[in-house]
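Reviewing the structure listed below.
There are 2 protein chains.
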Amino acid sequence: MKDASRISESELEIMKTLWKSNPLSANEIKSLIEHKVDWSLPTIKTFLNRLMKKEIIGYEKSGRKYFYFPLVSYDDYVKVENNSFLHRVYDGALNMLFSKFLEEKNLSKKDIDRLQKILEDKKEDIDK
Amino acid sequence: MKDASRISESELEIMKTLWKSNPLSANEIKSLIEHKVDWSLPTIKTFLNRLMKKEIIGYEKSGRKYFYFPLVSYDDYVKVENNSFLHRVYDGALNMLFSKFLEEKNLSKKDIDRLQKILEDKKEDIDK
DNA sequence: AATATTCGTTTACATGTGTAAACTGTAACT
DNA sequence: AGTTACAGTTTACACATGTAAACGAATATT
Numbered sequence: 065m066k067d068a069s070r071i072s073e074s075e076l077e078i079m080k081t082l083w084k085s086n087p088l089s090a091n092e093i094k095s096l097i098e099h100k101v102d103w104s105l106p107t108i109k110t111f112l113n114r115l116m117k118k119e120i121i122g123y124e125k126s127g128r129k130y131f132y133f134p135l136v137s138y139d140d141y142v143k144v145e146n147n148s149f150l151h152r153v154y155d156g157a158l159n160m161l162f163s164k165f166l167e168e169k170n171l172s173k174k175d176i177d178r179l180q181k182i183l184e185d186k187k188e189d190i191d192k
Numbered sequence: 065m066k067d068a069s070r071i072s073e074s075e076l077e078i079m080k081t082l083w084k085s086n087p088l089s090a091n092e093i094k095s096l097i098e099h100k101v102d103w104s105l106p107t108i109k110t111f112l113n114r115l116m117k118k119e120i121i122g123y124e125k126s127g128r129k130y131f132y133f134p135l136v137s138y139d140d141y142v143k144v145e146n147n148s149f150l151h152r153v154y155d156g157a158l159n160m161l162f163s164k165f166l167e168e169k170n171l172s173k174k175d176i177d178r179l180q181k182i183l184e185d186k187k188e189d190i191d192k
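Each protein sequence line maps, in turn, to chains V and L. First residue of the first sequence: 65, per our numbering; consecutive thereafter. First residue of the second sequence: 65, per our numbering; consecutive thereafter.
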């Protein structure tokens with residue numbers, strides 16, 4: 065698994081697009097994210113280049129055009145980010161993290177049910 | 065509540081110390097964190113100054129010495145960070161966040177029990 | 001009182017990031 | 001074939017951040 069740690073906030077916006085569908089050209093990316101952010105094409109190209117230098121995306125040529133795709137999966141990225149967040153903000157205390165989120169967010173009953181189910185399953189894994 | 069969003073990673077290390085106990089002088093902070101990071105006193109002073117400019121900490125003078133203390137509470141900081149993390153990585157999908165953490169972390173039985181308790185309480189709040 | 005010490009303040013500098021214009025090569029149109 | 005369009009590449013520039021030395025003022029020591 066590549067090191068996915070150093071994706072900046074703006075670069076991440078590009079990555080989210082690429083994770084949803086790929087490969088994509090710079091123009092396609094622009095269309096897909098312009099409802100969220102207002103970046104000029106050059107700006108998007110800068111981000112694509114930086115992501116390539118970091119080996120977080122790759123590309124395949126088709127004639128004069130480049131089509132970009134992720135080299136790092138969303139899951140890998142999430143793993144790295146989860147960990148760094150957990151340690152940065154909570155010094156690694158997962159329970160604290162959960163408590164704080166639960167404290168301040170309003171979950172629907174359905175959400176809670178779903179989480180309880182996940183926890184039940186987890187428990188079984190341990191017991192087994 | 066002050067805007068606590070723009071605390072950098074290094075500055076955060078200082079804040080953690082101050083949240084645990086305050087007010088503290090620059091030297092005291094140095095002693096308290098030197099087991100974690102190896103920063104020279106000037107470096108720590110830079111961070112303190114930046115935090116002051118951002119109005120995240122304040123100080124009180126006692127003779128020639130300054131004693132620093134937080135202007136932003138840990139809880140406020142956590143709230144802001146949780147939110148930004150939730151949206152940055154999960155586009156706001158709290159359930160996804162929980163699932164991912166639960167998926168990849170190993171919780172002890174006790175941890176799970178505690179979380180289940182929290183969820184139960186949450187549920188009661190809703191029912192009520 | 002003179003000097004050494006100790007604080008805080010100012011200045012410094014490299015790297016990362018947000019944002020984009022200018023440049024260059026190649027494909028397409030007339 | 002010449003020129004226009006358009007894709008990628010190079011250069012640019014300001015601000016944030018990591019890291020710290022130099023400077024100046026005030027206190028403590030001899």
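Even glycine gets a Cβ: it sits at the ideal position worked out from N, Cα and C.
TODO: Determine the chain V residues that contact L:Leu82 at a beta-carbon separation under 7 Å, and present them in chain order.
DONE: Close to L:Leu82, with beta-carbon spacing below 7 Å, lies no residue of chain V; the smallest spacing is near 15 Å.
Open item on the list: Taking only three categories from DSSP, how would you classify L:Leu76?
Closed with: helix
Open item on the list: For the alpha helix (DSSP H) containing V:Ser148, name the first residue and the last one.
Closed with: 138-154
TODO: Name, in chain order, the residues that DSSP records as bridge partners for V:Leu88.
DONE: V:Tyr132
Task: DSSP beta-bridge partners of V:Ile121 - done: V:Pro134
Open item on the list: Under 7 Å, Cβ to Cβ, is there at least one residue of chain L near V:Phe111?
Closed with: no
Task: Per-residue contacts from L:Arg152 into chain V (C-beta, under 9 Å) - done: Per Cβ cutoff of 9 Å: Glu73, Leu76, Glu145.
- [ ] Enumerate in chain order the residues of its own chain whose CB-to-CB distance from L:Gly156 is below 8 Å, with the five nearest sequence positions on each side excluded.
- [x] Leu150
Open item on the list: Let me confirm a value: L:Met65 is counted as buried when at least 16 other C-beta atoms fall within 10 Å, else exposed. Which label applies?
Closed with: Summary for L:Met65: the model assigns pLDDT 43, below 50, so the residue's position carries little reliability, and this model does not support an answer.
Open item on the list: Closest to L:Pro106 by C-alpha separation, out of L:Met116, L:Lys117, L:Asn91, would be which residue?
Closed with: L:Asn91
- [ ] Give me whichever residues DSSP pairs with V:Ser126 in a beta bridge.
- [x] V:Ser126 pairs with V:Lys129.
Open item on the list: Would V:Lys187 pass as an interface residue toward chain L - the criterion being a Cβ-Cβ separation below 7 Å?
Closed with: yes
Task: Selected residue, minimal CA-CA separation from V:Ser74, among V:Ile93, V:Glu167, V:Tyr130 - done: V:Ile93
Open item on the list: Across the segment 77-85 of chain L and the segment 176-186 of chain V, are there enough close Cβ pairs to call them in contact, namely three or more that are closer than 8 Å?
Closed with: no
TODO: Give the residues from the segment 164-184 of chain V that approach chain L closer than 7 Å (Cβ to any Cβ), ordered along the chain.
DONE: Lys164, Phe165, Leu166, Glu168, Lys169, Leu171, Lys173, Asp175, Ile176, Arg178, Leu179, Gln180, Ile182, Leu183
Task: Within-7 Å CB hit, V:Lys66 to chain L - done: With a pLDDT of 47 at V:Lys66, under the threshold of 50, the predicted position of this residue should be treated as unreliable, though the coordinate-derived value follows. Residue contact with chain L for V:Lys66: absent (no Cβ-Cβ distance below 7 Å to any residue of chain L).
TODO: Could you name the residues of the same chain whose beta carbon sits closer than 7 Å to that of L:Lys118, not counting the 5 residues immediately before and after it, in chain order?
DONE: So the qualifying residues of the chain are Arg70.
Task: chain L contact residues for V:Ile190, given Cβ-Cβ distances below 7 Å - done: Lys173
Open item on the list: Please classify L:Ile170 as buried or exposed, where buried requires at least 16 neighbouring CB atoms within 10 angstroms.
Closed with: The sequence as given places Asn at residue 170 of chain L; Ile does not occur at that position. Burial call: exposed.
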